[in-house]
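Visitor:
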Amino acid sequence: MLLVAMAACGGDSPVGPQSTLAVAGRLERGLVVRVGVRSGTDTTLQPVTAVTVTPADAATVLPNGDVRLTKAGSLTISATAGTATLSAIVAVLSPPVIVFDGLAAGNRDIYSIAIDGGELTRLTTNGASDQTPTATGSTVLYTSYRDGNAELYTLSLIGAAERRITTTTFSETQSALSPDGRKILYSNNATGFSKIWLATFDPSATVPVGTPERLSAATFGSSSTIEASPSWTQAADRIAMMTTATPTGGAGLFLANAAASSTPVLVTGSGTSVEVEPSWSFNGFFLAYASPIAGATEIFVRDTRTGTATQLTRAGGSRGQPAWLPDGRVVFTTFSGGTSTLSWVDPALPLDVHAIATTGLSAEHAAPVRP
Numbered sequence: 054m055l056l057v058a059m060a061a062c063g064g065d066s067p068v069g070p071q072s073t074l075a076v077a078g079r080l081e082r083g084l085v086v087r088v089g090v091r092s093g094t095d096t097t098l099q100p101v102t103a104v105t106v107t108p109a110d111a112a113t114v115l116p117n118g119d120v121r122l123t124k125a126g127s128l129t130i131s132a133t134a135g136t137a138t139l140s141a142i143v144a145v146l147s148p149p150v151i152v153f154d155g156l157a158a159g160n161r162d163i164y165s166i167a168i169d170g171g172e173l174t175r176l177t178t179n180g181a182s183d184q185t186p187t188a189t190g191s192t193v194l195y196t197s198y199r200d201g202n203a204e205l206y207t208l209s210l211i212g213a214a215e216r217r218i219t220t221t222t223f224s225e226t227q228s229a230l231s232p233d234g235r236k237i238l239y240s241n242n243a244t245g246f247s248k249i250w251l252a253t254f255d256p257s258a259t260v261p262v263g264t265p266e267r268l269s270a271a272t273f274g275s276s277s278t279i280e281a282s283p284s285w286t287q288a289a290d291r292i293a294m295m296t297t298a299t300p301t302g303g304a305g306l307f308l309a310n311a312a313a314s315s316t317p318v319l320v321t322g323s324g325t326s327v328e329v330e331p332s333w334s335f336n337g338f339f340l341a342y343a344s345p346i347a348g349a350t351e352i353f354v355r356d357t358r359t360g361t362a363t364q365l366t367r368a369g370g371s372r373g374q375p376a377w378l379p380d381g382r383v384v385f386t387t388f389s390g391g392t393s394t395l396s397w398v399d400p401a402l403p404l405d406v407h408a409i410a411t412t413g414l415s416a417e418h419a420a421p422v423r424p
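Using the numbering used here, read the sequence shown as starting at 54 and increasing by one per residue.
Shown next, in the form of structure tokens:
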């Protein structure tokens, strides 16, 4: 909860000199905040009436007096308490931007969108499937099937043309661009089983990808161990991944150093049930992941320091593909009735799930645009 307040003004009124107009909630375009009076150090909001906003096109006052924020920038909210008029000036932020793949008319392409549903932009238009994007700065890395097999491509959010960066007879999928934009991870099936590879990356170079190397040491797992879903820490020093090298041979979460020939280590608490699609939090402490429970697949968060896991989503059905936003929120995919939709949730408020309107698209594989 964010409280922003300014002192009351006006004449004869029960509102005391320590009373202020407070705005509770996340000050972000697309969200709803609550307006009320706060007295002294008491954080309880008391009701107000006659709520107005300036400029008028920056927000909408709802029938219950709450305010829906519709525009980023400075906003003045005013209200009446007793006979006093109170005002608060707040700064409304633009929502984070994500990239994702969306299916429309049988074709899957790469898109970007703000998480309030604004600025939906189609980034690829090829007739073949483009999917699983990852982004750092203005660079987007993704898999395309336009060459017959899966190859990695890049494009720029500021207008540079698409560029093919791998050329093999195998399939390169599930790529992850490092937060500094200088390395990539991806899955390759050259051995007949999915393995994670690591390479340097320079999009401005004639040959943008350096010589790829296996992330895992030759002694890790077995030749048939599956490795998938790599995820970088923000410091780009460690990697989370799913592998089937658990003691039972099932899918579990592993951590590895961000260097070739590392030996991944099973995350404390993982390995007793199916756990897939890990995503590092930006503070480097938590992994969001998908796991089946009681006939459904839900999103969980595991503390890598203690191994403690917390269930994040509880709506039933099937949810997966979690991705952390820089501010600690988690974006995920819901699968229902043959379509897929995107939503976000704040782990501090797990019951308050927000849908992301990707109108006309069956959307999957959301990833933050890292700064």
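Glycine included, every Cβ here is placed at the ideal spot set by N, Cα and C.
1) Are residue 268 and residue 315 close, meaning C-beta to C-beta below 8 Å?
2) Can you tell me whether residue 103 is helix, strand or coil according to DSSP?
3) Excluding five sequence neighbours on each side, which residues of the same chain lie with their C-beta closer than 8 Å to the C-beta of residue 99?
4) Could you check the C-alpha separation between residue 243 and residue 272 for me, to the nearest Å?
5) What's the call for residue 383, buried or exposed, on a 16-neighbour Cβ count within 10 Å?
6) Which residue wins for smallest C-alpha separation from residue 84, given the options 227, 121, 280 and 153?
7) Buried or exposed for residue 76, please, with buried defined as at least 16 other CB atoms from any protein chain shown within 10 angstroms of its CB.
8) Name the DSSP beta bridge partners of residue 387, please?
9) Use the C-beta contact count for residue 212: other C-beta atoms within 10 angstroms, 16 or more gives buried, fewer gives exposed.
10) Under 8 Å by Cβ, that's how I've got residue 252 and residue 260 pegged, so tell me the actual separation to the nearest angstrom.
11) For the beta strand (DSSP E) containing residue 330, name the first residue and the last one.
12) Exposed or buried, what is residue 440 when buried is set at 16 or more other beta-carbons lying within 10 Å of its beta-carbon?
13) Going by C-alpha distance, which of 420, 298 and 410 is nearest residue 373?
14) So, helix, strand or coil for residue 309, using DSSP?
15) With a cut-off of 8 Å on the beta carbons, I'd call residue 103 and residue 127 a contact; round off their distance for me.
16) Excluding the 5 residues flanking residue 274 on each side, which residues of the same chain have their C-beta closer than 7 Å to its C-beta?
17) Considering only residues of the stretch 140-174, which uninterrupted beta strand (DSSP E) runs meet the minimum length of 3 residues and lie entirely inside it, listed in chain order?
18) Quick check: the Cα distance between residue 338 and residue 174, rounded to an integer number of angstroms?
19) Near residue 146, what residues of its chain come up, given a Cβ to Cβ distance below 8 Å and the 5 sequence neighbours on each side ignored?
20) Are the stretch 276-284 and the stretch 326-345 touching by the rule of at least three beta carbon pairs closer than 8 Å?
21) Is the beta carbon of residue 347 sitting closer than 8 Å to the one on residue 371?
22) Could you tell me which residues DSSP puts in a beta bridge with residue 422?
23) To which residues of the same chain is residue 183 closer than 8 Å at the C-beta, ignoring the five residues directly before and after it?
24) Whole angstroms is fine: what's the gap from residue 414's alpha carbon to residue 169's?
25) For residue 363, which residues in the same chain have their Cβ closer than 6 Å to its Cβ, ignoring the five residues on either side in sequence?
26) Which partner residues of residue 111 appear in the DSSP bridge assignment?
27) Could you give the DSSP three-state label for residue 116: helix, strand or coil?
28) Taking residue 248 as part of the beta strand (DSSP E), name the residues at either end of that continuous run.
29) In the DSSP assignment, what residue or residues form a beta bridge with residue 208?
30) By Cβ distance below 8 Å, which residues in the same chain neighbour residue 304 in space, the five residues on each side in sequence not counted?
Guide: According to the data block:
1) The residue labelled residue 268 in the question sits at position 215 within the sequence shown. The residue labelled residue 315 in the question sits at position 262 within the sequence shown. The answer is yes: Cβ separation under 8 Å.
2) As a working note, residue 103 is residue 50 in the sequence shown. In this structure, residue 103 counts as strand in the three-state DSSP scheme.
3) On the sequence shown, position 46 is the one that residue 99 refers to. Within the same chain, Cβ atoms closer than 8 Å to the Cβ of residue 99 are found at 89, 90, 91, 92 and 134, the five residues on either side in sequence being excluded.
4) Counting from 1 along the sequence shown, the entry for residue 243 is found at position 190. Counting from 1 along the sequence shown, the entry for residue 272 is found at position 219. Going by the C-alpha atoms only, they are around 18 Å apart.
5) Here the question's residue 383 lines up with position 330 in the sequence shown. It counts as buried.
6) Taking the sequence shown and counting its residues from 1, one reaches residue 84 at position 31. Nearest option by C-alpha distance: 121.
7) For the purposes of this step, residue 76 is taken as residue 23 along the sequence shown, with counting starting at 1. Buried, by the Cβ-count rule.
8) As a position in the sequence shown, residue 387 is number 334, starting the count at 1. Note: residue 387 sits in a beta bridge opposite 372 and 394.
9) Here residue 212 refers to the residue found at position 159 of the sequence shown. So residue 212 counts as exposed.
10) In the sequence shown, counting from the first residue as 1, residue 252 sits at position 199. In the sequence shown, counting from the first residue as 1, residue 260 sits at position 207. Not quite, the Cβ-Cβ distance comes to about 11 Å (not below 8 Å), so this is no contact.
11) Counted from its first residue, the sequence shown places residue 330 at position 277. Its beta strand (DSSP E) spans residues 329-333.
12) As displayed, the chain neither begins before 54 nor continues past 424, which places residue 440 out of reach and without an answer.
13) Walking along the sequence shown from the start, residue 373 turns up at place 320. Residue 420 is the option with its Cα nearest to residue 373.
14) Stepping through the sequence shown from its first residue, residue 309 is reached at position 256. If DSSP states are grouped into helix, strand and coil, residue 309 belongs with the strands.
15) Here residue 103 refers to the residue found at position 50 of the sequence shown. Here residue 127 refers to the residue found at position 74 of the sequence shown. 21 Å between Cβ atoms; not a contact.
16) By 1-based counting over the sequence shown, the position of residue 274 is 221. Sequence-distant partners of residue 274 (beyond 5 residues in either direction) whose C-beta falls short of 7 Å from its own C-beta, in its chain, are 296 and 298.
17) Fully enclosed beta strand (DSSP E) runs of 3 or longer: 150-157 and 160-167.
18) Against the sequence shown, residue 338 aligns to sequence position 285. Against the sequence shown, residue 174 aligns to sequence position 121. One C-alpha to the other measures close to 32 Å.
19) Looking up residue 146 in the sequence shown gives position 93. Cβ neighbours of residue 146 beyond the five flanking positions: 80, 81, 82 and 125.
20) yes
21) Taking the first residue of the sequence shown as 1, we reach residue 347 at position 294. Taking the first residue of the sequence shown as 1, we reach residue 371 at position 318. No, these two residues do not count as a Cβ contact at 8 Å.
22) The residue you call residue 422 lines up with position 369 of the sequence shown. Beta-bridge pairing links residue 422 to 188.
23) Start at 1 with the first residue of the sequence shown, and residue 183 comes out as number 130. Same-chain partners within the cutoff: 154, 161, 162, 163, 177, 195, 196, 197, 198, 199 and 206.
24) As a first step, residue 414 must be located in the sequence shown, where it is residue number 361. As a first step, residue 169 must be located in the sequence shown, where it is residue number 116. If I take the Cα positions, the gap works out to 15 Å.
25) In the sequence shown, the residue the question calls residue 363 occupies position 310. Once the five neighbours on either side are set aside, the close Cβ partners of residue 363 are 354.
26) Counted from its first residue, the sequence shown places residue 111 at position 58. None; residue 111 has no bridge partner.
27) In the sequence shown, residue 116 corresponds to position 63, counting from 1. Three-state result, residue 116: coil.
28) Looking up residue 248 in the sequence shown gives position 195. Run containing residue 248: 248-253, per the beta strand (DSSP E) assignment.
29) Reading the sequence shown from its first residue, position 155 is the one you call residue 208. BP columns for residue 208 point to 193.
30) The residue given as residue 304 occupies position 251 in the sequence shown. Once the five neighbours on either side are set aside, the close Cβ partners of residue 304 are 279, 295, 296, 297, 327, 328 and 329.
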